[in-house]
Structure formats: structure tokens, C-alpha cells
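The listed protein sequences derive, respectively, from chains A and B. Taking this note's numbering, the leading residue of the first sequence gets 327, the next gets one more, and so forth. Taking this note's numbering, the leading residue of the second sequence gets 159, the next gets one more, and so forth. C-beta: ideal position from N, C-alpha, C; glycine also. Keep in mind the model is a prediction, meaning the values are calculated, not measured.
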Amino acid sequence: MRRALPAAVMVAMLAVIPPALAETLPTLRIAQTDDPDALDPTLGRSYAGRVVFASLCDKLFDINEKLDIVPQLATSYTWLDPTTLRIDLRHDVMFHDGTKMDAAAVKYSLDRHRTFPGSARRGEIATIDHVDVVDPYTVKLLLKTPSAPLLATLADRAGMIVSPKAAEAEGRDFALHPVCAGPFKFVERVAQDHITLERFDGYWNANTIHVGRVIFRTIIDNTATIANLRAGAIDIAGAIVPTNVAAVKADPKTRIVTFPALGYLRIEFNVGRGPRGQGPMANVKIRKAFEAAIDRAAINDVVYGGMYTPNAQAISPSSPYYDPGLPPPGRDLARARRLLAESGVKLPVSFTMNVPNSPTSLQTAEVIQSMVAEAGFDMKINAMEFATSLDANTQGDFETYLITWSGRPDPDGNLWSFLHSGPPGAGSATGYANPEMDRLLDDARAELDMPRRVALYRQVVQLAEQDLPIMNIYTPMNIVGLSAKMSGFSPVPDGLIRPQGLVVGK
Amino acid sequence: MRGHFGQRLLQVLPTLLMVSLLVFLLQQLMPGDPALVLSGEEHDPQMIAQIRAELWLDRPLPIQYLHWLGGVLQGNLGFSWHIRQPVVDLVLTKLPVTLQLGCMAFVIAVLIGVPAGILSAVKRNSFWDYLANGVGLAGLSTPNFWLGIMLILLISVDLGWLPPSGYVPLSEDWRMSLATTIMPAFVLGNAIAAVLMRHTRSAMLTALDQDYVRTARAKGLSETVVVLRHALRNALVPVVTLGALELGTLLAGAVLTEQVFSIPGFGKMVVDAVFTRDYPVVQGVVLVTATIYTLLNLVADLLYVLINPRMRGA
Chain A
327 MRRALPAAVM VAMLAVIPPA LAETLPTLRI AQTDDPDALD PTLGRSYAGR
377 VVFASLCDKL FDINEKLDIV PQLATSYTWL DPTTLRIDLR HDVMFHDGTK
427 MDAAAVKYSL DRHRTFPGSA RRGEIATIDH VDVVDPYTVK LLLKTPSAPL
477 LATLADRAGM IVSPKAAEAE GRDFALHPVC AGPFKFVERV AQDHITLERF
527 DGYWNANTIH VGRVIFRTII DNTATIANLR AGAIDIAGAI VPTNVAAVKA
577 DPKTRIVTFP ALGYLRIEFN VGRGPRGQGP MANVKIRKAF EAAIDRAAIN
627 DVVYGGMYTP NAQAISPSSP YYDPGLPPPG RDLARARRLL AESGVKLPVS
677 FTMNVPNSPT SLQTAEVIQS MVAEAGFDMK INAMEFATSL DANTQGDFET
727 YLITWSGRPD PDGNLWSFLH SGPPGAGSAT GYANPEMDRL LDDARAELDM
777 PRRVALYRQV VQLAEQDLPI MNIYTPMNIV GLSAKMSGFS PVPDGLIRPQ
827 GLVVGK
Chain B
159 MRGHFGQRLL QVLPTLLMVS LLVFLLQQLM PGDPALVLSG EEHDPQMIAQ
209 IRAELWLDRP LPIQYLHWLG GVLQGNLGFS WHIRQPVVDL VLTKLPVTLQ
259 LGCMAFVIAV LIGVPAGILS AVKRNSFWDY LANGVGLAGL STPNFWLGIM
309 LILLISVDLG WLPPSGYVPL SEDWRMSLAT TIMPAFVLGN AIAAVLMRHT
359 RSAMLTALDQ DYVRTARAKG LSETVVVLRH ALRNALVPVV TLGALELGTL
409 LAGAVLTEQV FSIPGFGKMV VDAVFTRDYP VVQGVVLVTA TIYTLLNLVA
459 DLLYVLINPR MRGA
């Protein structure tokens with residue numbers, strides 16, 4: 327009943343007012359496997375949330391298909407010196423509540439990200455010391471230390487600008503009624519079911535938006551997602567699993583788009599944390615033997631239908647920082663056996679691998695188990711519920727851990743926190759500590775010159791491969807299922823669905 | 159009878175208190191740190207400490223429990239840590255969904271299960287008996303998620319008769335609402351129908367062998383009256399108990415079906431909450447479910463009395 331009344335009022339209004347574009351343009355329905363968390367760019371922590379933000383909240387910068395940083399709410403940026411970043415802003419941007427986006431709003435949002443209680447952005451932009459408003463459309467970010475990854479960070483949630491008026495009024499409840507400067511404004515959310523956004527006619531880039539509404543639906547089961555796509559109940563589904571690709575391809579009403587992602591699957595070795603870091607895997611020779619016993623390409627073929635890209639680096643082959651001089655080593659059983667013999671360890675080498683109990687992870691672990699058995703490893707698989715496995719990892723209660731990483735556009739986000747020995751209590755989960763690695767990672771983080779930074783990351787991935795505290799298996803593909811009537815989809819490696827340019831045909 | 163009812167109602171409160179304590183403690187046994195899950199992929203120790211402080215996770219357990227219980231007594235079930243909505247709002251949006259689905263499933267189950275049970279008892283060892291048993295066994299052994307996917311593929315994808323997923327509230331559009339819930343309700347009801355059928359059958363068999371049935375037949379009553387008025391009424395007592403229990407199970411047991419059909423109900427919410435360690439949601443949902451479950455049992459007790467006059471004195 328509560329709903330019926332406003333609906334009746336709306337119907338009455340429609341009779342007198344010509345329909346807005348939101349009413350006449352088609353609706354875009356996007357399926358996700360997870361329900362987003364808080365819809366507040368300061369508090370949001372989930373990938374599913376980022377997919378929604380791509381339609382709801384514009385950022386200072388964005389990344390494009392080639393992973394270049396491109397301006398969005400900004401028009402340009404200049405490094406005045408290694409710790410001063412000047413950002414010029416667009417003059418024509420309005421928030422969904424009709425207020426103007428200006429330098430004060432940018433300062434407000436960045437300060438909110440940095441200081442709001444419970445902010446998930448605080449760590450990401452901890453390098454910002456303070457933000458100065460230079461003039462109504464220019465801000466200056468003053469940093470504590472030089473930071474090359476900052477621009478990439480501002481091309482994600484930390485760069486999203488919220489309406490100061492709405493944020494002040496809503497306080498902690500901002501996530502329930504988010505007000506940003508993106509192409510769509512928030513309408514409603516039914517938890518675990520759907521989020522509805524409506525076209526914002528005041529959007530600065532409105533002529534790229536060809537849909538009236540976006541509805542994000544949460545459909546957990548991948549088979550059900552495919553059935554919905556084929557039945558025409560949804561238009562786009564991200565995160566299709568490789569085993570379902572054939573079904574989508576076979577149906578003339580649907581199609582598949584694949585493009586390299588930024589993440590990876592890795593095996594973390596406990597190389598010194600607690601009693602479980604004293605096992606055979608603490609020995610680098612044994613780890614190298616383990617790697618030599620594994621055929622990455624075969625894992626890809628068996629478990630992922632050959633769709634993923636075998637990779638020994640934590641950097642995606644689509645990134646300019648990828649080192650083409652370090653292809654994934656092939657399987658070499660003789661070398662694996664020789665390394666084990668040299669290490670003087672008693673065969674078989676027994677150890678346990680913690681594996682989150684998703685079907686594909688377990689299948690991957692089983693393939694690895696049989697491969698390394700041939701070299702002389704006795705690998706036990708410990709299937710764990712995800713949050714439990716995470717806890718064990720943080721506590722150092724593991725020998726090896728098979729885990730995915732969703733990936734970041736800047737290499738720093740894919741490497742630093744896993745390989746740096748870190749400030750006390752915050753080092754990598756593996757217990758790996760190499761002063762040379764720390765130096766390289768810190769230097770690369772501070773280096774603003776692209777060619778020099780590329781060279782530093784080449785050294786990082788080579789040293790990581792040599793010490794092998796983490797073994798990377800593959801870089802996944804983004805597999806997006808589309809209704810055949812959709813066009814204009816832009817495949818950006820982060821896998822987010824950007825509404826700009828998307829067309830829902832008849 | 160009124161005294162009986164009042165007494166049973168009073169017993170509900172300590173039961174619920176125990177349930178809330180049990181849920182709270184069981185969650186503590188669950189490995190996996192909520193703050194760690196909430197901190198996202200990066201696990202920044204500073205952020206984790208901050209989350210702990212914000213959510214009172216750094217306080218002693220009894221304090222955490224009493225804090226929560228204090229809220230509950232004032233009608234405040236806390237807020238979801240994951241999506242930051244009040245748990246009361248979540249429960250109020252999901253409960254009608256699950257109740258609608260549960261009731262529809264239950265009606266389907268009764269409409270199929272009870273007549274099939276009667277038929278197979280009356281026509282014992284005939285073709286009809288074997289057929290009902292066979293169908294019942296198939297219903298019991300078919301996994302819900304499989305049947306759900308098969309129905310979606312057949313009815314939604316191939317035939318295009320019904321929407322494959324989603325939910326529309328009854329108040330918004332009752333036709334669409336029924337269209338979106340009929341398949342999941344059938345999937346859920348199908349399994350319960352099988353249970354009801356088997357229990358109705360065995361209860362009817364027992365009843366049909368009783369002396370009063372022979373007497374009724376001897377009086378010259380028609381077979382229909384004997385079966386439906388004399389035997390069925392007595393056979394229904396265990397069936398009603400079972401029905402109430404099954405209806406309770408429907409509240410939280412619809413997890414897989416809700417996932418397959420993307421119905422935003424209770425089951426889906428509690429499973430998601432367990433995986434994200436969203437304790438206030440788990441506690442809130444379990445408490446509400448326990449309350450409903452206990453009340454349903456109470457209703458079943460009252461129904462006994464209506465069906466079986468001998469219990470009226472008790």
C-alpha cells in the first residue's frame with residue numbers, strides 16, 4: 327500500500343508532463359554473482375559495489391582499454407613536483423541533487439575518504455597529506471611521499487566525488503541514498519535482489535548514455551545467470567565461468583565477449599611465519615622444484631577450458647608493466663626431481679594446501695596435486711570455507727594457500743602488499759622479507775618516470791620469480807555474456823561495466 | 159484450553175532467549191574474523207582494528223551479547239555490517255517474500271500430498287498406490303536446485319512462459335508476483351508433497367484398520383464418508399504436526415531454491431550473511447525464524463485439539 331500511493335501520484339503526473347528520457351529509453355539489466363556492500367564510495371569494499379559505482383559515481387580519472395589513465399571529472403593533471411599534484415576540473419559537472427561539482431566538493435570528498443570513520447579508502451590515499459583548493463576548478467594534492475600509483479587510485483573509488491550537501495545531511499546513512507556525479511542516480515535497493523538507477527539528465531556526458539534505467543540484479547548461481555540471459559531477463563552478465571561459455575555461444579540470442587583481466591590465481595608459500603612456516607616449503611629449492619613439476623598450460627586447459635592465460639607474474643599481460651622476458655616456465659619433471667635431490671629432503675615431501683572450497687579452486691588443486699606427486703610431493707588438500715581460509719592465512723596458519731586476487735590497474739596494487747616485508751605487523755602473509763625487494767618496491771612506488779618505473783617492476787617480478795614466495799598460475803579472462811541486441815560495450819581490463827556508449831537494441 | 163495456550167505461550171520466551179544465546183555463541187565458534195572479511199581484499203591491519211572497534215568486536219563477549227539483546231528488547235535488531243541497512247528493514251522486506259513462497263509451496267504440497275496419500279492408502283497395492291509412491295519417491299530424491307534449473311530451462315528459456323528469476327511483490331502486481339513465484343513454489347512444494355504423501359498414507363493405513371472404521375462400514379456408511387470423515391480426520395493428527403514442522407523448515411530451508419530463482423528471501427539472506435560473517439543479520443534472521451517456528455508449533459497444537467476432541471481436556 328505504501329508503494330501504491332506514490333505510484334498513483336506518478337501516473338497522474340505522467341498524464342500531464344511529457345515523459346522524461348528515463349521513461350522512453352530502454353532499461354539495461356545487469357546480473358552480478360555477488361550482492362554489493364555499502365553503496366558509499368568511502369565505505370565500499372566489494373567488487374560488486376564497484377560495478378554499480380561505474381554507473382552511479384564518476385571519478386576524477388578513469389582507465390581505458392589500454393590501462394591508460396584518462397580524465398573523467400578532471401580535465402588534466404600536472405605533477406608540480408614529486409609530492410604536489412595539481413588537478414584541473416571540468417566546469418560543467420552537477421551532482422544528482424542539482425548542486426555543482428567544484429574544487430571544494432573534491433576537497434570535501436577526498437577529506438571524507440581520508441578521515442571518515444570506517445573509511446575503506448584511508449589506506450589507499452594515506453599518502454595525501456592535505457588537499458588545497460587553488461581556485462573553484464583547481465585542486466592541489468600535497469603528498470607525504472612521492473606516489474606513482476596515486477593516479478590509478480584516483481581512477482577508482484578513492485577518486486569518486488560525492489555531493490557534500492548530501493553527504494553532510496546523510497552522515498553514516500549516505501550508503502542508503504548515495505548522491506554522486508555519475509550518469510545515473512540512485513532510485514532504490516532491495517538487498518540481495520536488485521539496485522535500480524535512473525538516467526540523470528544533468529549528467530555532464532549525457533549524450534553517451536542511451537539507456538533510461540539500469541537495474542543490477544544479484545543472481546548467485548552461474549547456470550541460473552545463463553538461463554536468465556538466454557531467456558532475455560537480463561542484458562549483461564559479468565563473470566561467466568569458462569564451463570558455461572559454450573552454452574552462451576550456442577544461443578543466437580546471446581554472445582560472449584572475452585578480454586584479459588587484471589587479477590591472478592596464486593599459491594602463497596608460508597616461508598617463515600610461525601611453526602607452519604618452518605616446513606619443507608620454507609626452502610626455496612623445494613619451492614622451485616614444486617614450480618617445475620607444474621604445467622600451467624595443462625591446468626588452464628583442464629579446469630578453465632584453455633580460456634585463461636598462464637602467467638608467472640602478478641602483472642597482467644595487458645599491462646605495459648608486464649615483463650615479456652619472463653614467460654611462464656614450462657613443466658620440467660627432471661629438473662623438479664633434481665632440485666629435490668639437491669635439497670637433501672626425504673621423499674615424499676609432505677605438505678598441505680589450503681584451498682577455498684569453490685569447485686574450480688578445488689579442481690585446480692587436484693590437478694596440481696597429481697602433477698607434483700610425480701615429482702615426489704605428497705600434497706594434501708585442505709578445503710576450507712572462504713572466510714576461514716582467509717583467517718588462517720592472516721594468522722600464518724598455513725603451509726601453502728591457493729587464492730585469487732581480483733587485480734589492480736597499477737602494478738603497485740598487485741605486488742607491494744604481497745612482497746614487501748612492510749611495517750611491523752603488516753608485512754606480507756607469506757613472511758617473505760628481502761631488503762632488496764623492499765627497496766625495489768618502494769622505489770617503483772615513488773618513481774614518476776614511466777620507463778624507469780617499468781624497469782624497476784621488471785626487476786621486481788624477476789626477483790619474485792627467483793625467490794618464489796608466491797607462485798602465480800594464470801591471469802584470468804573477463805568473460806562477459808551479452809544479449810545479442812546489446813552494442814557499444816567497452817572491454818576495460820578491470821571488468822567493470824561502463825554504461826557510456828552502451829546501447830540496448832530492439 | 160485457554161490455560162493450555164497461555165502456558166505454551168509463556169514457554170516461548172525462554173526458548174527464544176536460549177536460541178538467541180545459542181546463535182550468538184555458535185557464531186563465535188565459527189572460524190573467520192568478521193573484521194577481516196569486511197576489510198575487503200587488502201586486509202590493512204589498521205583498517206581491521208578500526209572495524210573491530212566500530213562494531214564492538216574488541217569488547218568481551220558477554221558485553222557484545224547484552225548490547226545486542228538490549229537492542230532487541232527495544233525492537234532494534236542492529237544494522238547489517240555488510241550493506242549497512244537496519245536488520246529490521248531487511249527482515250521486513252524479506253519475510254513477506256519467504257512467507258508468500260512458503261505458503262504457496264505449502265498449499266501445493268498439501269494439494270498434491272494429502273490426496274495422493276489417501277488414494278494410495280485406499281487403493282493399497284494397486285497401480286495407483288505404486289504410482290503415487292513412485293512419484294513421491296522421485297519428488298523426495300530430486301535435488302531442488304536441479305529441478306529448479308530444469309524448469310527454468312524448459313519453461314522460461316525454451317517455452318518462454320514464465321520469467322526465469324526475480325520477484326515482484328504481491329502488492330505491486332499480483333499476476334507478475336504469482337508468475338515469478340509459482341516455479342520456485344512448485345519446486346519447494348514438490349519435496350514436501352512427497353513427505354506429506356508418505357505420512358498421510360501410513361496414517362491412513364493405520365486408521366483404516368481400526369475398529370471404528372469397521373463399525374462405520376458396518377453401519378452402512380458410504381466408503382467416501384468412511385474414508386474422508388472417519389479415517390482421514392484421525393489420520394490427520396500426525397500429518398498436521400509434520401505440516402507445521404515442514405512449514406517452519408520452508409522459512410530457512412528454501413536456500414537453494416531461492417538462489418536458483420534469485421528470490422530475495424530469508425534463506426538467501428541468512429546464507430549470504432553467514433559467508434560474509436554479518437553477525438547481526440544472522441542473529442536477527444535466526445531469532446525471527448525461531449519465533450515463527452515456535453508459534454507454528456503452537457498453532458499445530460491448537461489444531462490437534464480441533465481435529466481430535468479427546469485432547470480438549472488436556
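- Runs of alpha helix (DSSP H) with 4 or more residues, each lying fully within the region 528-570 of chain A, are found at 548-556, listed in chain order.
- Within the region 212-234 of chain B, the residues whose Cβ lies closer than 7 Å to some Cβ of chain A are 212, listed in chain order.
- With fewer than 16 other beta carbons inside 10 angstroms of its own, residue 456 of chain A counts as exposed.
- For chain B, the residues of the region 683-713 of chain A that bring a beta carbon within less than 8 Å of one of its beta carbons are 711, 712, 713, in chain order.
- Only residues of its own chain outside the window of five on either side were considered, and among them 352, 354, 537, 561, 811, 812 have a CB closer than 7 Å to the CB of residue 830 of chain A, listed in chain order.
- With fewer than 16 other Cβ atoms inside 10 Å of its own Cβ, residue 183 of chain B counts as exposed.
- With fewer than three CB-CB distances shorter than 8 Å, the region 541-557 of chain A does not count as touching the region 382-390 of chain A.
- Contact between the region 654-662 of chain A and the region 595-608 of chain A is absent: fewer than three C-beta pairs spanning the two stretches fall below 8 Å.
- Among the residues facing chain B, residue 368 of chain A is not included, as its CB has no counterpart in that chain under 8 Å away.
- With contacts defined as CB atoms closer than 8 Å, residue 438 of chain B and residue 179 of chain B fail to qualify as a contacting pair.
- The three-state reading of DSSP puts residue 809 of chain A in strand, counting E and B together.
- For residue 390 of chain A, no beta strand (DSSP E) encloses it, and the DSSP letter there is neither H nor E.
- Contact of residue 314 of chain B with chain A by beta-carbon distance below 7 Å involves 553, 557.
- With the criterion set as a beta carbon lying under 9 Å from some beta carbon of chain A, the members of the region 184-208 of chain B are 188, 189, 190, 191, 192, 194, 195, 196, 197, 198, 199, 200, 201, 202, 203, 204, 205, 206, 208, in sequence order.
- Counting C-beta pairs closer than 8 Å gives fewer than three between the region 447-466 of chain B and the region 366-386 of chain B, which falls short of the contact rule.
- Under DSSP, the beta-bridge partners assigned to residue 358 of chain A are A:544.
- Contact check for residue 215 of chain B against residue 193 of chain B passes: the beta carbons are separated by less than 8 Å.
- Inclusion of residue 682 of chain A and residue 642 of chain A in the CB contact set at 8 Å is not warranted, their separation being larger than that value.
- Excluding residues up to 5 positions away in sequence, 611 lie with their Cβ nearer than 7 Å to the Cβ of residue 668 of chain A in the same chain.
- In terms of Cβ geometry, residue 385 of chain B and residue 272 of chain B do not form a close pair [threshold 8 Å].
- A straight-line Cα-Cα distance of about 49 Å links residue 567 of chain A and residue 284 of chain B.
- In this structure, residue 463 of chain A places its C-beta atom within 8 Å of the C-beta atom of residue 415 of chain A.
- Taking C-alpha positions only, residue 423 of chain A is separated from residue 438 of chain A by approximately 18 Å.
- In this structure, the CA atom of residue 168 of chain B is about 15 Å from the CA atom of residue 459 of chain B.
- Rounded to the nearest whole angstrom, the C-alpha separation of residue 406 of chain A and residue 440 of chain A is 22 Å.
- In this structure, B:445 is the residue among B:450, B:461, B:466, B:445 with its C-alpha nearest to the C-alpha of residue 175 of chain B.
- Here DSSP, grouped into helix, strand and coil, assigns residue 319 of chain B to coil.
- Taking 8 Å as the Cβ-Cβ cut-off, the region 317-337 of chain B approaches chain A at 318, 321, 322, 323, 324, 325, 327, 329, 330, given in chain order.
- Chain order gives the chain A residues near residue 418 of chain B as 547, 550, where near means a beta carbon separation below 7 Å.
- Under the Cβ criterion of 8 Å, residue 478 of chain A is not counted among the residues facing chain B.
- Residue contact check for residue 443 of chain A against chain B: a CB pair falls below 8 Å.
- Per DSSP, the beta-bridge partners of residue 405 of chain A are A:411.
- Closer than 9 Å at the C-beta level to chain B, one finds these residues of the region 511-533 of chain A: 515, 516, 517, 518, 519, 520.
- Per the C-alpha coordinates, the member of A:827, A:793, A:729 positioned closest to residue 199 of chain B is A:729.
- Interface flag for residue 427 of chain B against chain A is set, since a Cβ pair is found closer than 8 Å.
- Assigned with DSSP and collapsed to three states, residue 709 of chain A falls in strand.
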